[in-house]
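Participant: Encoded as structure tokens, here's the structure I'll be asking about.
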Amino acid sequence: MNWLHQLFNGPPGTDPSVVWGYWVAAVLTICIYSFLYKDNPLYKFAEALFVGIGAAYWMCLLYHETLVPKLIQPLFFPAEGDSVMWIRIFPGILAIFMLLRFYPKLSWLSRWSLGFIVGMYSAVNITGFGQGDFVTQIHATMTTALRGVGTGEIILNLIAIVGVFSVLIYFFFSKEHKGALGGVAKLGIWFLMVAFGASFGYTVMGRVSLLIGRMTFLLRDWLHLID
Amino acid sequence: MTMKLTAHLTLAVLFLAAPCAFAQDAAPDTTALPLDTVPPGSVSGLTAVDYVDNSDEGDRIEISWQASPDDGAGEGDVVSYQLWRSENAGADWDSLGVAGAGQTRYLDETATPGTEYHYGVAAYDGTSYSERVSAGPVVGRANLFQMTRLAVLVLMLVFFGMVLTFTKLAERGADLFVRRIPGLNAIEEAVGRATEMGRPVLYVPGIGEIDNIMTIASLTILSHVAKITARYETPLIVPTARAVVMSAAEEVVKEAYAEEGKPDSYNPDNIRYLSDAQFAFAGAVNGIMLREKPAANLYLGAFWAESLLLAETGFEAGAIQVAGTAMVSQLPFFVTACDFTLMGEELYAASAYLSREPKLLGGLKGSDWMKVLSIALMALGVILYYVNQESGFVAWFFTQ
Amino acid sequence: MAKKRFDIRSVDRRIIFTLIFVAVAWPLIQPMRLPIDVSPPVQTLYDAIEEIPPGSIVMLGGDYSPDTMPELQPMVETFIRHAFENDLRVVVACLWPASPPLVERALTPLAEEYGKEYGTDFVNLGYMAGGIVTLLGMGASIPNTFPTDYGFGAADIPSRPVGEIPLMQEVENFDDIAFVMEVSAGTPGTREWIQQIQGRYRVNIGSGTTAVGAPNFYPYVSSGQLTGLLGGLKGAAEYETLVGFPGDATKGMDAQSIVHALVVVFILLGNVVYLISLRRNRGAEE
Amino acid sequence: MRREIPLAITFLIGIFMLVDFFVPHHAVSTSAEEMKQWGTIVIAASILLGVGNLIRVHFHKIRRRREGWGYSIVTLAIMAVMFAFGGPWGTVEEGSAFNWMFLNMQVPLQSTMFSLLAFFIASAAYRAFRLRSAEASLLLIAAIIVMLGRVPLGQYLTRSWPQAIQLPTLTEAIMAYPNMAAFRGILMGAALGVMAMGLRIILGIERSYLGGEK
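Protein chains in written order, with the working numbering: chain A, 103 to 329; chain B, 217 to 616; chain C, 138 to 423; chain D, 602 to 815.
Take a look at the structure:
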């Protein structure tokens with residue numbers, strides 16, 4: 103009976119809001135898992151809750167954490183001793199333009215805001231990918247050691263170099279993949295498949311971990327069956 | 217090997233980043249007893265250079281040196297390094313700061329831009345200083361180029377040159393060859409099959425934002441798919457997870473229908489914003505699959521964990537599935553659960569292949585030849601590295 | 138990739154589902170406690186943090202949401218513990234809206250255990266929208282990008298301007314950060330940190346990622362752009378082992394082992410069925 | 602003009618951000634920093650746009666009594682409740698009702714949704730993961746090695762084997778060499794694609810994101 107008592111009151115000293123929280127969470131968890139049997143109203147109800155909470159959470163957080171400190175405060179309520187940051191009127195206008203998409207007559211103005219974001223993202227992507235994923239990776243390949251390390255490592259390093267080259271060639275679209283080129287491209291697919299296999303393995307691991315997490319919640323926090 | 221390298225790098229950077237607060241603690245203590253009459257060996261290889269930071273006001277000079285022979289070795293009694301600065305070529309020295317033992321770098325953040333400075337460094341062992349070594353003159357300037365990014369700039373410009381040249385060529389009607397990408401025709405086949413069966417086509421442009429290049433490539437392909445469905449008058453359902461993507465998809469599909477002369481067949485209710493939340497979105501798309509029974513499911517764009525949910529449910533529902541994404545972590549599932557998969561760049565190549573648009577062809581061809589160039593560069597680098605570890609030029613060019 | 142379909146759906150999915158369910162629950166109730174080995178990328182990360190001089194400021198990038206908590210929360214907890222053990226001060230910054238309360242959940246018991254004070258020993262800057270644009274802003278100025286913090290509920294400290302927080306007086310940009318631990322569940326996350334921060338500002342970044350993301354990041358480990366990598370729950374368990382405080386990740390490892398074995402069995406079994414059906418089909422054609 | 606101005610904005614901001622990367626001069630970086638702050642504000646607005654759209658969609662659904670409109674009421678109602686706690690007048694901090702709803706509703710819902718994948722993966726493993734070809738077999742073998750090598754069980758099963766062929770060693774070798782190489786190739790190719798696309802967008806060659814002419 104001690105267990106039953108714990109189930110409804112939690113360990114001694116637990117705030118009731120925590121226990122209710124566990125119950126709500128457990129019921130919702132089970133609602134979602136009911137989808138495994140088949141799609142049903144419980145699942146749909148939980149899903150509808152999820153959509154609503156997710157959107158409201160995001161909206162409130164954006165307001166409190168981004169718009170207030172960056173737009174509303176600098177413009178309307180500057181901290182004592184600070185002057186009003188008039189320059190923030192511009193992003194304010196762009197933000198309003200973005201929301202004008204709701205008014206068909208003025209929705210074309212939202213393109214200004216879109217242009218701003220897309221332009222910024224494009225540029226930082228060019229330099230970010232250019233440096234992090236292209237130049238640095240070229241340099242890292244160039245400095246692969248083929249001597250001065252153990253034989254095993256030399257072989258593995260050679261495999262790595264061949265792998266990089268053949269995968270790049272697989273993604274070469276200007277020539278038909280025939281003859282020697284086709285052979286190398288084929289090798290590229292093999293490397294890709296090993297990598298995808300590794301990815302698959304890791305993904306299985308990740309998903310299982312999440313399930314373990316939920317199961318731990320149900321068995322430990324809610325039902326107190328394990329510690 | 218990687219580990220060792222990383223550990224070394226870590227060590228190096230940690231030394232650089234060690235806060236000056238510690239250096240201050242190690243300041244000379246004049247009351248120290250008993251007297252050590254042998255001064256420590258002096259530092260060597262002192263350099264002072266204008267430091268280029270990311271918001272360069274020309275007020276920083278980087279001073280580096282090789283440790284005193286008595287720092288950590290020899291007598292091992294060096295406790296700190298004293299730094300001085302002079303504005304008149306070493307006639308008067310002002311104390312600048314202190315760096316702890318083991319450190320070989322100091323960042324002077326108090327320089328006046330445009331002033332000529334000399335710097336002096338001496339090792340200190342608690343009682344006496346080594347001979348002062350000096351370097352200079354050096355002038356702090358607000359620099360106009362970040363040299364460490366030279367390689368990025370050069371390779372970027374070469375690449376952009378190639379892209380723009382090929383684009384121009386394509387615009388002039390040059391016949392730029394692109395090999396047939398297996399799986400591309402599958403998209404058209406799938407749409408055709410849906411038409412035969414009188415069932416809709418489902419096109420999921422991923423859950424990426426509009427700034428995501430995969431999403432943009434997907435919208436290009438969507439335009440093509442919309443033209444086919446307009447021609448066949450097959451309903452096209454486009455669920456989206458991002459409001460901005462929805463707006464863009466609306467425009468793209470509407471335009472495609474108009475171009476095919478079927479503006480009235482365009483049904484705005486079929487371009488849907490479902491949810492920003494990944495699984496709510498996946499769940500809602502799965503609902504569409506089960507209720508509206510599309511015969512062809514096309515997943516093209518940026519996908520995360522929802523890929524498996526979508527592909528699995530589509531598989532269950534018996535639809536023809538064609539996927540394409542550059543999100544490599546999702547490719548294994550698409551490869552195993554879909555009829556055709558466009559892997560990685562094939563997605564971008566697909567938009568070029570389908571549209572034959574000069575701009576896309578230009579990008580594709582530019583990338584192709586850039587790959588050839590980078591393979592050549594890497595091969596050359598590997599050989600140079602084999603012959604002579606890291607050659608000076610390579611190290612300088614990539615100054616990583 | 139072309140694919141032919143064979144109807145081998147003689148087994149109801151729900152049987153598979155039930156088996157998985159049991160395979161997870163059983164080892165949690167009856168643990169086997171198999172020993173945990175440590176892989177090189179985890180060792181690298183641990184060593185890098187061990188090398189940081191006490192008193193330095195490290196940053197924790199919390200870029201995840203509740204869905205990946207089982208994998209990533211143990212990493213966040215262990216990192217904070219590791220930092221507190223070594224007297225490092227921690228600044229938390231989040232690019233995902235859901236992260237700040239999750240990190241706070243990890244901070245609350247650990248701050249009490251180690252007697253650390255909010256505002257001087259650690260600070261939670263909360264969430265800022267913008268993804269890579271926010272990262273770039275942080276490169277220029279962390280306080281300008283995060284004008285207010287998130288606060289700390291456990292000590293009843295509300296959100297306030299960063300100018301009023303002692304620890305933040307010492308943080309202007311990445312010159313002041315000795316190490317970044319980026320715990321990432323997707324985009325924006327580790328890749329964006331590498332591209333926009335590691336590349337530009339040369340700060341050492343170690344990362345904990347979901348298992349799904351981990352294989353993608355090996356090129357960055359190999360090139361030194363990442364100083365260590367924790368991949369998924371196993372990575373977290375290895376890190377817990379190194380730091381010496383086995384927690385949820387370690388407890389989950391037995392279930393992980395059993396389910397993996399089960400999935401392997403499913404694959405093998407599925408293929409046997411597939412090969413038999415292939416042979417039958419061939420027989421029918423001949 | 603309805604396209605020219607956005608294209609001009611894209612061009613100017615794009616070029617300026619590129620310049621900011623290569624030019625360390627403080628005159629550039631100071632104004633670039635302000636631009637970046639603007640970016641976060643405009644992106645926040647675009648997310649609000651998404652939420653607004655969601656509300657619109659659900660209202661629409663309810664008004665037209667579309668299938669499942671009851672669930673739309675649930676969605677809007679819970680949104681309203683949450684907004685009542687966490688709106689401009691409310692608080693989102695630890696201990697608030699808003700936070701309680703987040704921790705006890707949002708967290709379990711989202712976690713559980715994600716963990717459903719463990720089940721789906723298992724069934725996909727049984728039904729879709731086939732030795733169809735040499736390539737698929739390679740994928741399969743790598744996957745099995747990694748799956749067993751990344752858990753303590755793999756270590757346990759092969760503990761008496763020579764170090765070099767123990768499953769964890771093999772797994773790490775696969776991850777650090779062939780896997781790394783393939784992903785490096787993918788990264789490099791993808792980076793080029795991203796850069797080319799970025800160039801086209803900045804130069805206004807690519808404008809599909811703006812939609813059609815109006």
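We treat Cβ as the ideally placed atom computed from N, Cα and C, and that holds for glycine.
Source: prediction; values computed, not measured.
Exposed or buried, which one is H107(A) when buried takes at least 16 other CB atoms within 10 Å?
Facilitator: Looking at its Cβ environment, which holds fewer than 16 other Cβ atoms inside 10 Å, H107(A) is exposed.
Participant: If we call anything under 8 Å between Cβ atoms a contact, is L321(A) one with L313(A)?
Facilitator: Against a cut-off of 8 Å, the Cβ pair of L313(A) and L321(A) comes out as no contact.
Participant: Strictly under 8 Å for the Cβ-Cβ distance: is S276(A) near chain B by that measure?
Facilitator: True, the Cβ-Cβ gap to chain B drops below 8 Å.
Participant: Does any C-beta atom of chain D lie closer than 8 Å to the C-beta of F550(B)?
Facilitator: With 8 Å as the cut-off, F550(B) does not count as an interface residue toward chain D.
Participant: For N142(A), decide whether its Cβ has a neighbour in chain D, counting only Cβ atoms nearer than 8 Å.
Facilitator: For N142(A), the answer is no, since every Cβ of chain D falls outside 8 Å of its Cβ.
Participant: By Cβ distance below 8 Å, which residues in the same chain neighbour D245(B) in space, the five residues on each side in sequence not counted?
Facilitator: Bear in mind that a pLDDT of 43 at D245(B), under 50, signals an unreliable position, so the number given afterwards is only what the model happens to contain. Cβ neighbours of D245(B) beyond the five flanking positions: G342.
Participant: How would you list, in chain order, the residues of chain C whose beta-carbon sits under 8 Å from the beta-carbon of A150(A)?
Facilitator: The premise fails here: A150(A) is roughly 18 Å from chain C at the closest Cβ pair, so nothing lies under 8 Å.
Participant: Which one of Y601(B), S571(B), V544(B), L570(B) has the shortest CA to CA distance from L788(D)?
Facilitator: Among Y601(B), S571(B), V544(B), L570(B), the Cα nearest to that of L788(D) is on V544(B).
Participant: With distance defined between alpha-carbon atoms, name the residue in V295(B), F519(B), R396(B) nearest to Y272(A).
Facilitator: Among V295(B), F519(B), R396(B), the Cα nearest to that of Y272(A) is on R396(B).
Participant: What's the gap between the Cα of N359(B) and the Cα of S350(B)?
Facilitator: Taking the straight line joining both Cα atoms gives about 24 Å.
Participant: How long is the line joining the alpha carbons of L620(B) and E508(B), rounded to whole angstroms?
Facilitator: Since the first residue shown for chain B is 217 and the last is 616, residue 620(B) is missing from the structure and cannot be characterised.
Participant: Might you give, ordered along the chain, the residues of its own chain that have their beta carbon closer than 8 Å to the beta carbon of R242(C), omitting 5 neighbours on each side?
Facilitator: So the list reads Q210, once near-sequence residues are dropped.
Participant: By a C-beta neighbour count over all protein chains shown, 10 Å radius and 16 as the cutoff for buried, is V254(B) buried or exposed?
Facilitator: Looking at its Cβ environment, which holds fewer than 16 other Cβ atoms inside 10 Å, V254(B) is exposed.
Participant: Taking Cβ positions only, does G290(C) come closer than 8 Å to chain A?
Facilitator: It does not; no Cβ of chain A falls within 8 Å.
Participant: Compare the C-beta of A521(B) with all C-beta atoms of chain C and state if any pair is closer than 8 Å.
Facilitator: So yes, A521(B) belongs to the interface.
Participant: Tell me whether T229(A) sits in a helix, a strand or coil according to DSSP, three-state version.
Facilitator: If DSSP states are grouped into helix, strand and coil, T229(A) belongs with the helices.
Participant: Decide if Y482(B) is buried, meaning its Cβ has at least 16 other Cβ atoms within 10 Å, or exposed.
Facilitator: Y482(B) should be labelled buried.
Participant: DSSP state of C133(A), grouped into three classes?
Facilitator: Correct three-state label for C133(A): helix.
Participant: Taking the straight line between their C-alpha atoms, what separation do you get for L374(C) and P383(C)?
Facilitator: Per the sequence shown, residue 374(C) should be read as Ala rather than Leu. Roughly 7 Å between the two C-alpha positions.
Participant: Taking 8 Å as the threshold (beta carbon to beta carbon), is M244(A) in contact with chain F?
Facilitator: The question asks about chain F, but that chain is absent: this structure's protein chains are A, B, C and D.
Participant: From the beta carbon of V682(D), is the nearest beta carbon of chain C less than 8 Å away?
Facilitator: Not an interface residue.
Participant: What would DSSP say about F293(A), mapped onto helix, strand or coil?
Facilitator: Helix, per DSSP.
Participant: Whole-angstrom Cβ separation of L580(B) and H440(B), contact assumed at under 8 Å?
Facilitator: The pair is not a contact, with the Cβ atoms about 16 Å apart (cut-off 8 Å).
Participant: Identify, in the order they occur along the chain, each residue of the same chain with its Cβ nearer than 8 Å to the Cβ of L249(B), setting aside the five sequence neighbours on each side.
Facilitator: In this prediction, L249(B) has a pLDDT of 47, which is less than 50 and means its spatial position is unreliable; what the coordinates show is noted afterwards. So the list is empty, once near-sequence residues are dropped.
Participant: Ordered along the chain, which non-local residues of its own chain (more than five positions away) have a Cβ less than 6 Å from that of D241(B)?
Facilitator: Because the pLDDT at D241(B) is just 38, under 50, the model does not fix this residue reliably, and the point stays unresolved.
Participant: DSSP state of Q707(D), grouped into three classes?
Facilitator: DSSP places Q707(D) in helix when its eight states are reduced to three.
Participant: If G194(A) sits next to T611(D), beta carbons under 8 Å apart, how far is it from one beta carbon to the other, in whole angstroms?
Facilitator: About 20 Å; that fails the 8 Å criterion.
Participant: Since Q333(C) meets chain A, which of its residues come closer than 7 Å, beta carbon to beta carbon?
Facilitator: Residues of chain A passing the Cβ test: V226, G230.
Participant: Quick one: is A390(B) buried, meaning 16 or more other Cβ sit within 10 Å of its Cβ, or exposed?
Facilitator: The residue is exposed, with fewer than 16 neighbouring Cβ atoms inside 10 Å.
Participant: Going by other Cβ atoms of all chains shown within 10 Å of its Cβ, with 16 needed for buried, is H219(C) buried or exposed?
Facilitator: The residue in question, H219(C), is buried, as its Cβ has 16 or more Cβ neighbours within 10 Å.
Participant: State yes or no: is the beta carbon of E182(A) nearer than 8 Å to at least one beta carbon in chain C?
Facilitator: Chain C contact via Cβ: absent.
Participant: Given a threshold of 16 other Cβ atoms within 10 Å of its Cβ, counted over all protein chains shown, does L367(C) qualify as buried or as exposed?
Facilitator: Result: buried.
Participant: How is Q362(C) classed by DSSP in three states: helix, strand or coil?
Facilitator: In the structure shown, Q362(C) sits in coil (DSSP, three-state: anything other than H, G, I, E or B).
Participant: Does R190(A) pass the burial test, meaning 16 or more other C-beta atoms within 10 Å, or should it be called exposed?
Facilitator: When all chains shown are included, R190(A) counts as buried.
Participant: Sorted by chain position, which residues of the same chain lie with C-beta nearer than 6 Å to T759(D)'s C-beta, five sequence neighbours on each side aside?
Facilitator: If we look at T759(D) and ignore the five residues flanking it on each side, its Cβ neighbours are Q767, L768.
Participant: On a Cα-Cα basis, can you pick out the residue from R213(A), G217(A), L177(A) that is closest to M187(A)?
Facilitator: Minimum Cα distance to M187(A) is reached at L177(A).
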